[in-house]
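Sequence positions in the sequence shown follow mature numbering (1 follows the signal peptide of the UniProt record, and there is no 0) and run -22 to -1, 1 to 541.
Even glycine gets a Cβ: it sits at the ideal position worked out from N, Cα and C.
One structure below.
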Amino acid sequence: MRNLVIAAALSGLALAGCSQPADETATMATTAAFEPAVMATTADINEADLRYRISTLADDGFEGRAPAAPGGIAASQWIADEMARIGLEPGNQGSYFQPVSLLEITLDTARSAFDVFFNGEPLDLAMGDDVVYWTKRNQPEVSVDASDLVFVGYGVVAPEYGWDDYAGVDVTGRTVVMLINDPGFANPDGGIFNGSAMTYYGRWTYKYEEAARQGAAAVILIHQTAPASYGWNVITGSWSGSRLSLAREPGEGTFAGVESWVTEDVARHLFELSGLDFNTLTASAAQPGFTAVPMTGLSSAGTLYNSTRTMDSRNVVGVVPGTERPEEYVLYTGHWDHIGTRDVPDGEDGIYNGAVDNASGTAAILEIGQAFIANPPERSVMILAVTAEESGLLGSAYYGEHPLVPYSQTVGGINIDAIMPKGRSRDVIVVGYGASELEDILTEEAAAQDRYIVPDPSPEAGYFYRSDHISLAKHGLPMLYADGGIDLIEGGREAGEAIAADYGANRYHGPADEYSADWQMDGMVEDVTLLYNVGARLANSDAWPNWYDGNEFRALRDAQRTP
């Protein structure tokens, strides 16, 4: 997963990395080794079921479930078999699979170069130390030549906030330089955006997308640790070597030629060379009415050489048909993939099993599907296990662009990404608190469990935008992302914080994220029950929850629901 909120908050994880698939020469895992357990047949969420499914998906036989590797493909087949066995109907025209084609682009760093020039002279920015760059274009060679730099503030076009950093400037063929996060972070008391809590406009993914829509040839993001919520080391560790993206048909998708980051020190030097004051201009960028500023004397140029290959993966989708309004759907999502295997010295563990992240969430959505089979809902329920989350939310992004059910017929969704076996908690954390009316239902159902709701501890970090639900939310669909908290029944906050910190420091994205029969499961059972209850409320009602007024996705949803 990209977004273990509790562990991140307590251990300083940056959670911005992208992992790559395991070596495809690995031995094919088979499903035959995994015999079905005796499963519950009631609408109750069952501990034995969860244990069985988590332990199976986190088994070494699936070799870390890399999205396009043999172990991952075998794991997705097991999930489909499990859906069929418990009675879910195929969700894609008779198939349990939605194919997802992935593109791996490997930058030839020895031959490639991207630099900034001042009055025609190169600054010789060092890859890794000063700058990190790549391309999403499926081309063996991508060039940028004599592209003038222009500072566009935060690079945001947000009509609902009355904000347009590109107003009055044509950036076609130019290199746009911009800040990470959104203006509300730097101006939390200015009544703009969502204050210090990040909106979608603060995410680097949005900034690259918007720059491409504006016609920019290249994008330079300025890294600053506080607004990014992670250090430069995360940039260098995450954006090097091979990268995965969705494989697209010719003409599908628009990307700037070069996407890059530079350090704050480099950015300050660029501003100084151009005769601009960094502090003054960045402060101005957080004020209404900001206008883009040309960076006189500065241009970018370079050529990126790439090798590419296409790999096949798949989302897995099953449906519980509704008894009264089958054309209306409630959606549950969770990613089945993890990060595969790594070459390690003899005697060390090179399999990254991903038991918590996210065998737990996949097991949960299967268990929820089974509960709906036992207690048929009025509306249909879709169980969607997506691929390639660890590589950039790619499976959910593909579904977001190619939904199997129109958004106008999808009521809302719940994403489950990493449930830690930490025991029962008094609190429930809502990531992206204050987003949608789904939280109203969650609050009522949590109260029925004698629990209370708390916001995620670091809203300025934008964790809501770092897991699969954002791929649906950005298309207008109200999505909920909640998790059991850290105020534990046994041990209180101190115990909860210790468990979360241990996971973040010692297990997250490491080979130690393994299932154990010693796991304390009562909290997980209660959390999954809560999320089932929220979905059941939706699935047995005629309610259509929306985003709260002022949310950046509200206008999209309103348009979908307009007759």
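query = Of all the alpha helix (DSSP H) runs that stay within the bounds of the segment 462 to 494, which reach a length of 4 or more residues?
reply = 470 to 484
key: DSSP beta-bridge partners of residue 91   = 281
ask   = Starting from residue 262 and walking both ways along the alpha helix (DSSP H), at which residues does that stretch end?
value = 256 to 262
ask   = Buried or exposed: where does residue 484 fall if 16 or more other Cβ atoms within 10 Å of its Cβ makes it buried?
value = exposed
key: Enclosing beta strand (DSSP E) for residue 417 [first to last residue]   = Counting along the chain, residue 417 falls outside any beta strand (DSSP E), though it belongs to the alpha helix (DSSP H) covering 416 to 426.
task = Note down, in chain order, each residue of its chain lying with its Cβ closer than 8 Å to the Cβ of residue 238, except the 5 sequence neighbours on either side.
result = 92, 109, 110, 111, 112, 196, 197, 198, 199
inquiry  = Let me make sure I understand the geometry here. Which of 520, 518, 508 has the alpha-carbon closest to that of residue 22?
reply    = 508
query = When you compare only the Cα positions, how much space is there between residue 130 and residue 389?
reply = 37 Å
query = If you drop the 5 nearest sequence neighbours on each side, which residues of the same chain put their C-beta closer than 7 Å to that of residue 514?
reply = 355
key: Cβ distance (whole Å) where residue 81 is taken to contact residue 234 below 8 Å   = Not really, about 16 Å apart at Cβ, beyond 8 Å.
request  = Output the distance between the C-alpha atoms of residue 377 and residue 84, rounded to the nearest integer angstrom.
outcome  = 25 Å
key: DSSP state of residue 313 mapped onto helix, strand, coil   = strand
query = Skipping 5 residues on each side, what residues in its chain have a beta carbon closer than 6 Å to that of residue 449?
reply = 371, 374, 375, 378
query = By the 10 Å Cβ neighbour count, where 16 or more other Cβ atoms means buried, how is residue 253 classified, buried or exposed?
reply = exposed
Spatial neighbours of residue 1 in its chain, beta-carbon cut-off 6 Å, leaving aside the 5 residues before and after = Low confidence applies to residue 1: its pLDDT is 35, below 50, so where it sits in the model is not reliable, and the reading given next is rough at best. Excluding residues within five positions, none has a Cβ falling inside 6 Å.
query = DSSP state of residue 383, grouped into three classes?
reply = coil
task = Return yes when the Cβ of residue 453 is within less than 8 Å of the Cβ of residue 382, no when it is not.
result = no
key: Any 3 or more C-beta pairs closer than 8 Å across the segment 274 to 287 and the segment 340 to 350   = no
query = So what's residue 502 in DSSP terms, helix, strand or just coil?
reply = helix
task = Kindly indicate which residue of 431, 193, 442, 394 has the alpha-carbon position closest to the one of residue 570.
result = Within the shown structure, residues of the chain are numbered from -22 to 541, placing residue 570 beyond reach of any answer.
inquiry  = Taking DSSP's pairing of strands, which residues face residue 331 in a bridge?
reply    = For residue 331, which the question treats as bridged, DSSP gives no partner whatsoever.
task = Could you work out which residue in 123, 73, 427 is closest to residue 95 when comparing CA atoms only?
result = 123
task = Tell me the start and end of each unbroken beta strand (DSSP E) in the segment 31 to 56 that is at least 3 residues and wholly inside, in chain order.
result = none
task = Could you tell me the distance, in whole angstroms, from the CA atom of residue 24 to the CA atom of residue 240?
result = 49 Å
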